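In the numbering used here, the protein residues as written are 2 to 168.
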């Protein structure tokens, strides 16, 4: 398994337009994009399921449902990843969608032959989002590189964090 250093881009205008267009949000108020060079091969959906699992773990529940108020599915299904609804997907990408009463969010996982990427896109629907997300985004940006590296190790080792079969 070969894994390089994670490159990140933060800012709605700094994230490449080709990545931003994968978001379903009508307006993007926050965007980041992390790319991990790797020779570990898997579909974007497999990467997403290995990164996040079929249902959110305790930390994810605290962050996503508790602090961000995201409405997540409580049961595993082929149409959800860690409670997030599977939006659209292409050959090399999948979009996960969730919303709360004060923001909407997309996670976009991209997998190509030489890298995996995770993009986060938020639309602030109420003023509370502008207060809550900026401090949480600092933690988010510190955690994502490790999430990508851990997923690469798990996929390379043949581990699975999900029980739902991937398409």
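Heads up, the beta-carbon is just placed ideally off N, CA and C, and yes, glycines get one too. On a predicted model such as this, the values are computed, not experimentally measured, just so you know.
So which of 30, 142, 52, 22 has the shortest CA-CA distance to residue 154?
-> Translated into positions along the chain shown, residue 154 becomes position 153. Taking residue 154 as reference, the option from 30, 142, 52, 22 with the minimal CA-CA separation is 52.
For my contact list, residue 71 and residue 99 are in at a C-beta cut-off of 8 Å; report their separation, rounded to the angstrom.
-> Locating residue 71 in the chain shown gives position 70, where the first residue counts as 1. Locating residue 99 in the chain shown gives position 98, where the first residue counts as 1. With a contact defined as Cβ atoms closer than 8 Å, residue 71 and residue 99 qualify at about 4 Å.
Does the beta-carbon of residue 55 have 16 or more other beta-carbons within 10 angstroms, so that it is buried, or is it exposed?
-> In the chain shown, counting from the first residue as 1, residue 55 sits at position 54. In summary, residue 55 is buried, with 16 or more beta-carbon neighbours lying within 10 Å of its beta-carbon over all protein chains present.
Sort out for me which residues DSSP pairs residue 135 with in a bridge.
-> Numbered from 1 along the chain shown, position 134 holds the residue referred to as residue 135. BP columns for residue 135 are empty, so no partner.
For residue 91, write down the residues that DSSP places opposite it in a beta bridge.
-> Looking up residue 91 in the chain shown gives position 90. Paired residue(s): 94.
If we call anything under 7 Å between Cβ atoms a contact, is residue 81 one with residue 37?
-> Start at 1 with the first residue of the chain shown, and residue 81 comes out as number 80. Start at 1 with the first residue of the chain shown, and residue 37 comes out as number 36. Taking 7 Å as the cut-off, the Cβ atoms of residue 81 and residue 37 do not count as close.
Alpha helix (DSSP H) containing residue 21: first to last residue?
-> Against the chain shown, residue 21 aligns to sequence position 20. Here the alpha helix (DSSP H) through residue 21 covers 18-21.
Taking residue 53 as part of the alpha helix (DSSP H), name the residues at either end of that continuous run.
-> The residue labelled residue 53 in the question sits at position 52 within the chain shown. For residue 53, the enclosing alpha helix (DSSP H) begins and ends at 45-53.
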